[in-house]
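Written out below as structure tokens is the structure these notes cover.
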Ligand code: NAP
Ligand code: GDP
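In full-length UniProt numbering, the protein residues as written are 1 to 327.
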């Protein structure tokens, strides 16, 4: 047991944490479980990571050698617009507690999670890893964005002052099984899946927020999970790495709605509520750095990933997170 790795996954009950657990348990190739790796998946009932004491108690209990840090206050455009201070404070507290406690417990490596939505609003495209701090984020999510940007600053500071191996990954918009399907506060794919499911069930209109024109790159949670497992085992830089499908796989919100209509077999018409916000028009990110490391990585085709997510949601409707997920 002494040489075993103890890998603690904060936020292990969420969309991304559950996908990592699934890949560790189900992937028969290089991303699946390995001898001498003990994986521990935490949820908020194991301790509130906004509390220094609770965070210490968790590290004392598990004595992790490695940490994948996913726990965060997370939400889509509309939740970010409503709770800017909560997004700023909760995430600053969680991140500071996890990173500083990992430092104190001499954790060998921490991989934390940023997001492509933290990049500057006014920028050139494609966005790359060097551009995180080049200007203010979009005003709709400045609380979340500034808290997340600080992780990158902290990683560099821990490394430069103490040599800690703390790094970060930058996913685009994620979707898949175990997502948050709240009608108001979720991200666009789970939100629209839920709305389309209800429209079909109740014979009511399916209404998509905004104009449908914004562009996004989406990553299937199980693909992201594989890439995070790779990053933990093999990625050696402190600098962040964008984990994204290629620029040519960017889709519009209308494309997303069309795919969901197909996956749910919804036969009615749908409309756009243009009184609702569009958010940032696009955040096109480059996956060039990732592809240099993993030239053969195969992403799940978008339509297949949407179909798997829709099937999971329909089969698990009674237990899925569909409530009003306020902080
Ligand atoms: P999620 O489904 O909302 O899950 C959040 C996780 O964090 C849950 O396990 C939750 O525990 C835990 N958590 C929240 N507050 C906590 C607290 N105060 N103390 C302890 N645990 C707490 O989120 P996700 O979508 O998997 O996101 C994972 C990471 O990816 C986050 O860092 C997020 O910023 C990043 N990310 C997500 C997206 C996306 O589209 N979803 C895109 C880019 C980056 P409970 O289940 O017990 O509540
Ligand atoms: P973002 O990618 O960080 O902006 O976050 P979201 O996943 O919330 O996506 C927001 C985009 O999807 C905006 O252009 C919204 O107008 C559009 N959208 C359309 N319908 C919905 C919905 O039901 N929920 C959410 N969150 N966004 C929606």
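The beta-carbon is built from N, C-alpha and C at its ideal position, and this holds for glycine as well.
Using only the alpha-carbon positions, how far apart do residue 168 and residue 267 sit?
42 Å
Measure the alpha-carbon distance for residue 273 versus residue 212 and round it to whole angstroms.
CA-to-CA, the gap between residue 273 and residue 212 works out to about 9 Å.
Local conformation of residue 141 per DSSP, three classes
helix
Buried versus exposed call for residue 206 [16 or more other C-beta atoms within 10 Å across all chains shown]:
buried
What residue range does the alpha helix (DSSP H) around residue 245 cover?
Unbroken run through residue 245: none, as it is neither H nor E.
Could you check whether the Cβ of residue 187 sits closer than 7 Å to any heavy atom belonging to the ligand NAP?
yes
Can you tell me whether residue 207 is helix, strand or coil according to DSSP?
Looking at residue 207 - three-state DSSP - the assignment turns out to be strand.
Can you give the Cα-Cα distance for residue 61 and residue 45, rounded to whole angstroms?
14 Å
Quick one: what does DSSP say residue 273 is sitting in, helix, strand or coil?
strand
What is the DSSP secondary structure of residue 251, reduced to helix, strand or coil?
strand
Give the C-beta separation of residue 322 and residue 178 to the nearest angstrom, bearing in mind that I take them to be a contact with Cβ-Cβ under 8 Å.
Actually they do not touch by this definition, with Cβ atoms about 12 Å apart.
Secondary structure of residue 61, DSSP reduced to three states:
helix
Rounded to whole angstroms, what is the Cα-Cα separation between residue 14 and residue 105?
25 Å
Pick helix, strand or coil for residue 347, following the three-state DSSP scheme.
This structure leaves residue 347 out entirely; the chain is present only between 1 and 327.
Cβ of residue 57 within 8 Å of Cβ of residue 48?
In terms of Cβ geometry, residue 57 and residue 48 do not form a close pair [threshold 8 Å].
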